[in-house]
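Take a look at the structure below.
There are 2 protein chains.
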Amino acid sequence: MAEQVRVVVDAMGGDNAPAEPVRAAVEAVTERQDIKVILTGKQEVIDKELAKYSGYPKNQIQVVNASQVIETAEPPVFAIRKKKDSSIVVGLNMVKKQEADAFVSSGSTGAVLVGGQVLVGRSKGVERPPLAPLIPTTKGVSLLIDCGANVDARPSHLVQFAKMGSIYMENVVGIKNPKVAIVNNGAEEEKGNALVKETFPLLKECKSINFIGSIEARDIPAGYADVVVCEAFVGNVILKLYEGVGSALVQKIKEGMMTSTRSKIGALLVKPALKETLKSFDATEYGGAPLLGLKGLVVKTHGSAKAIEIKHGIFQCVQFKQEKINEKIAERILEDQEVLKSGAE
Amino acid sequence: MAEQVRVVVDAMGGDNAPAEPVRAAVEAVTERQDIKVILTGKQEVIDKELAKYSGYPKNQIQVVNASQVIETAEPPVFAIRKKKDSSIVVGLNMVKKQEADAFVSSGSTGAVLVGGQVLVGRSKGVERPPLAPLIPTTKGVSLLIDCGANVDARPSHLVQFAKMGSIYMENVVGIKNPKVAIVNNGAEEEKGNALVKETFPLLKECKSINFIGSIEARDIPAGYADVVVCEAFVGNVILKLYEGVGSALVQKIKEGMMTSTRSKIGALLVKPALKETLKSFDATEYGGAPLLGLKGLVVKTHGSAKAIEIKHGIFQCVQFKQEKINEKIAERILEDQEVLKSGAE
Chain A
41 MAEQVRVVVD
51 AMGGDNAPAE
61 PVRAAVEAVT
71 ERQDIKVILT
81 GKQEVIDKEL
91 AKYSGYPKNQ
101 IQVVNASQVI
111 ETAEPPVFAI
121 RKKKDSSIVV
131 GLNMVKKQEA
141 DAFVSSGSTG
151 AVLVGGQVLV
161 GRSKGVERPP
171 LAPLIPTTKG
181 VSLLIDCGAN
191 VDARPSHLVQ
201 FAKMGSIYME
211 NVVGIKNPKV
221 AIVNNGAEEE
231 KGNALVKETF
241 PLLKECKSIN
251 FIGSIEARDI
261 PAGYADVVVC
271 EAFVGNVILK
281 LYEGVGSALV
291 QKIKEGMMTS
301 TRSKIGALLV
311 KPALKETLKS
321 FDATEYGGAP
331 LLGLKGLVVK
341 THGSAKAIEI
351 KHGIFQCVQF
361 KQEKINEKIA
371 ERILEDQEVL
381 KSGAE
Chain B
41 MAEQVRVVVD
51 AMGGDNAPAE
61 PVRAAVEAVT
71 ERQDIKVILT
81 GKQEVIDKEL
91 AKYSGYPKNQ
101 IQVVNASQVI
111 ETAEPPVFAI
121 RKKKDSSIVV
131 GLNMVKKQEA
141 DAFVSSGSTG
151 AVLVGGQVLV
161 GRSKGVERPP
171 LAPLIPTTKG
181 VSLLIDCGAN
191 VDARPSHLVQ
201 FAKMGSIYME
211 NVVGIKNPKV
221 AIVNNGAEEE
231 KGNALVKETF
241 PLLKECKSIN
251 FIGSIEARDI
261 PAGYADVVVC
271 EAFVGNVILK
281 LYEGVGSALV
291 QKIKEGMMTS
301 TRSKIGALLV
311 KPALKETLKS
321 FDATEYGGAP
331 LLGLKGLVVK
341 THGSAKAIEI
351 KHGIFQCVQF
361 KQEKINEKIA
371 ERILEDQEVL
381 KSGAE
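Chains as they are written, first to last, in the numbering used here: chain A, 41 to 385; chain B, 41 to 385.
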């Protein structure tokens, strides 16, 4: 049997805590033997949830008590500093001390991002750890990198994002030689804001990635690129607009189907097939977003995540650990710095 | 009868020229007496198109010959300078010389934007003329301002965009006291990149607009704000992603409906109602995007525009002229500069 990957799951994080994170833990260890889940949070609350289940391998789940909860509205930096016994801080510290390999949370995005950087710490050479969700396309999925809290990135950050994203898509998602593109306001090379114009030639020079040039936002959902590189403010707009346009359109379609008797009957007939299709275009199905470039893995699942998403997040951690993604990222980043250094000498 | 509004239509611009611009001209003057359309482009080509129609008021259409055509791929600044006898330059010069009130084109966006600024010229006090398309929402439409070619805007530009957009939505679209919001990566006031953080308090101080704070991209399609203020790079991403997610989802839905016999029958029944609904969420239905803050009105319709969109563009020009939008914008901008000046003294 392969060595067990130890994944901390924040049992207090998200709109559906503790029920959904605990269910995810139970389902994950029931399905796979190579996982150990550590649930952090209020012991009695978690125990009560766990008592609802039976027949799962109990030795693969451990509960670590944490008496505090960080709320979504709390200022992240302050919360991480003050709530030392919160499920997030306790979990991240376990990763820091190498008592666990990864941390999954549906709690405060800000606290997870800040805590990941401050407590777990960046890999050597990584300037900024990007948050990189998988987004659905008509072809499959693409990695959108960065959607994190650090806006106004510099060109060197974007180049690192491109490299980390490339390694992730190749090794975790299994796409050979993934196509990397930078989000731009036109397809021509002379287009772009100051940041993109400065970054474009740097990406073009990168030998370790398969850079295909600019991508217009229109072409992102069609899956033209596997790794979609952008600054976090733009990434946030893309991620949230994906969701917004999707749900507005679905609402419109539902209304449209209810306009006549004829279409109402039709709606009943297409409903099951349609539901399946729309699910495949739902960003929440893909197991959360990894925070890349840290010494351990931190995965942020949606605040509204159900057990299935959290479970996928846990599985992602296993793949991540077994494929040694962090080591690969650290290696690639350091390699390039050596090249830069020797070039400067 | 009201005074005729003189609208130049670029008969050579767009994928469907000259057929669709000419058809739009014929339909516009057939529907309304208060419009005169001036078609610019190759005389013999336009005459041949016009010969296909009869029974329209011929005295409301004039053809002005222009021997050159600016192609979409040409560098805009160069094209405007060199092709002095192109349909775009000839048309914009007519607006400049006040021989026409407005110019509508489906041709090169870059050339229309550059030409609008260079040839027609900015209104006094306007720092940057924004391109502001109407985008569909579940409630109706919102104005997305700016989607132009000038990226990396300054806070003062965004404040002017908010004011111009507000005047437009109130007077052209008819929304009383329109809600103005700035695109941000979170709803909280402390969120934002450097530009948004600097702009937010300036908008808050603006007494002439109904500023409601930040808007997350997720809430744009739900119509939370009537005027959605952003820098052009972000605006471009929003506009194009709208289109991209929309068409990806529609493709997915069509595929989904074809998966079983049951759903295929259902698809036949819902098709007419669905088509109608999706049309209402199609950005190309709304008559193009005005380039605001110029001495005359310039409207950019989609490259793929059909006659109906161009016709709506023409009608928009009439509304714009009759409501004296340019005068209102110039007044508001100058007013504020007086206030600033007296404050500084």
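Positions of the beta carbon are idealized from the N, C-alpha and C atoms, including for glycine.
Determine the extent of the beta strand (DSSP E) in which residue i is found, giving its start and end residues.
{"i": "N250 of chain B", "result": "N250 to E256"}
{"i": "T80 of chain A", "result": "I75 to G81"}
{"i": "V181 of chain B", "result": "V181 to I185"}
{"i": "V269 of chain A", "result": "V267 to V269"}
{"i": "P116 of chain B", "result": "Taken as a continuous stretch (DSSP letters only), P116 of chain B belongs to no beta strand (DSSP E), being part of the alpha helix (DSSP H) at P116 to K122."}
{"i": "Q473 of chain A", "result": "Absent from the model: residue 473 of chain A. The displayed extent of chain A is 41 to 385, so no value can be given."}
Hey, could you find the ends of the alpha helix (DSSP H) residue i is sitting in?
{"i": "V166 of chain A", "result": "Run containing V166 of chain A: none; DSSP gives neither H nor E here."}
{"i": "R302 of chain B", "result": "T301 to S320"}
{"i": "N133 of chain A", "result": "S127 to K136"}
{"i": "K237 of chain A", "result": "A234 to E245"}
{"i": "A189 of chain A", "result": "Unbroken run through A189 of chain A: none, as it is neither H nor E."}
{"i": "Y202 of chain A", "result": "Contrary to the premise, residue 202 of chain A reads as Ala rather than Tyr in this sequence. Element bounds for A202 of chain A: P195 to Y208."}
{"i": "A329 of chain A", "result": "Careful: A329 of chain A lies outside any alpha helix (DSSP H), inside the beta strand (DSSP E) at A329 to L331."}
{"i": "L153 of chain A", "result": "T149 to G155"}
{"i": "I354 of chain A", "result": "A347 to Q362"}
For residue i, which three-state DSSP category applies?
{"i": "L281 of chain A", "result": "helix"}
{"i": "D87 of chain A", "result": "helix"}
{"i": "Q44 of chain A", "result": "coil"}
{"i": "A384 of chain A", "result": "Reliability fails at A384 of chain A, whose pLDDT of 49 lies under 50, so the model's placement of it is uncertain and the value that follows must be treated cautiously. A384 of chain A: helix per DSSP, three-state reduction."}
{"i": "G142 of chain A", "result": "One point to set straight first is that residue 142 of chain A is Ala, not Gly, in the sequence displayed. Strand, per DSSP."}
{"i": "I222 of chain B", "result": "strand"}
{"i": "K410 of chain A", "result": "The requested residue 410 of chain A is not part of the displayed model; chain A covers only 41 to 385."}
{"i": "P176 of chain A", "result": "strand"}
{"i": "D55 of chain B", "result": "coil"}
{"i": "V109 of chain A", "result": "coil"}
Taking 8 angstroms as the limit between beta carbons, can you name the residues of its chain near residue i, skipping five residues before and five after?
{"i": "E210 of chain A", "result": "K216, N217 and P218"}
{"i": "D125 of chain A", "result": "A106, S107 and Q108"}
List the residues of chain A that residue i touches, going by C-beta distances under 8 angstroms, in chain order.
{"i": "L171 of chain B", "result": "Chain A residues near L171 of chain B: none, gap ~12 angstroms exceeds 8 angstroms."}
{"i": "P195 of chain B", "result": "The contacting residues do not exist; P195 of chain B stays about 14 angstroms from chain A at best."}
{"i": "V274 of chain B", "result": "F273, V274 and V277"}
Using a Cβ cut-off of 9 angstroms, pull out every chain B residue sitting near residue i, in sequence order please.
{"i": "L374 of chain A", "result": "Within chain B, no residue comes near L374 of chain A; the closest Cβ sits about 30 angstroms away, beyond 9 angstroms."}
{"i": "G296 of chain A", "result": "V310, A313, L314, K315, E316, T317, L318 and S320"}
{"i": "D192 of chain A", "result": "N233, A234 and L235"}
Please work out which residues of its chain come closer than 6 angstroms, Cβ to Cβ, to residue i, disregarding the five sequence neighbours upstream and downstream, and give them in chain order.
{"i": "F143 of chain A", "result": "V48, G131, L132, V135 and V338"}
{"i": "A384 of chain B", "result": "Confidence at A384 of chain B is low in this model, with a pLDDT of 49, below 50, so its placement is unreliable and no value can be given for it."}
{"i": "L242 of chain A", "result": "P195 and V199"}
{"i": "M297 of chain A", "result": "S303 and A307"}
CB residue i to CB residue j, shorter than 8 angstroms?
{"i": "S145 of chain B", "j": "I120 of chain B", "result": "no"}
{"i": "D55 of chain A", "j": "G81 of chain A", "result": "no"}
{"i": "V109 of chain A", "j": "I354 of chain A", "result": "no"}
{"i": "S163 of chain B", "j": "L314 of chain B", "result": "no"}
{"i": "G156 of chain A", "j": "L331 of chain A", "result": "yes"}
{"i": "K361 of chain B", "j": "V45 of chain B", "result": "yes"}
{"i": "D259 of chain A", "j": "G284 of chain B", "result": "yes"}
{"i": "I86 of chain B", "j": "P115 of chain B", "result": "no"}
{"i": "V152 of chain A", "j": "V220 of chain A", "result": "no"}
{"i": "A272 of chain A", "j": "A202 of chain A", "result": "no"}
{"i": "L183 of chain A", "j": "A172 of chain A", "result": "yes"}
{"i": "I293 of chain B", "j": "T317 of chain A", "result": "yes"}
{"i": "G95 of chain B", "j": "T178 of chain B", "result": "no"}
Name the chain B residues that come within less than 7 angstroms of residue i, Cβ to Cβ?
{"i": "P261 of chain A", "result": "G284, V285 and A288"}
{"i": "I305 of chain A", "result": "L309"}
So, for residue i: in the same chain, excluding its five sequence neighbours on each side, which residues have a beta-carbon less than 7 angstroms away from its beta-carbon?
{"i": "I350 of chain A", "result": "V49, E60, P61, A64, V144, S146 and T341"}
{"i": "A227 of chain A", "result": "S254 and E256"}
{"i": "F321 of chain A", "result": "P176 and G286"}
{"i": "V166 of chain A", "result": "Q200, G333 and I373"}
{"i": "V236 of chain A", "result": "I222 and N224"}
{"i": "E75 of chain B", "result": "Per the sequence shown, residue 75 of chain B should be read as Ile rather than Glu. Only Q44, V45, V47, A68, V69, Q100, I354 and V358 meet the Cβ criterion."}
By the criterion of Cβ-Cβ separation under 9 angstroms, what are the contact partners of residue i in chain A?
{"i": "R302 of chain B", "result": "L309, V310, P312 and A313"}
For a contact meaning CB atoms closer than 7 angstroms, what does residue i contact in chain A?
{"i": "V24 of chain B", "result": "Past the edges of chain B, shown from 41 to 385, lies residue 24 of chain B, and the structure says nothing about it."}
List, in order along the chain, the chain B residues whose C-beta lies closer than 8 angstroms to that of residue i?
{"i": "Q291 of chain A", "result": "T178"}
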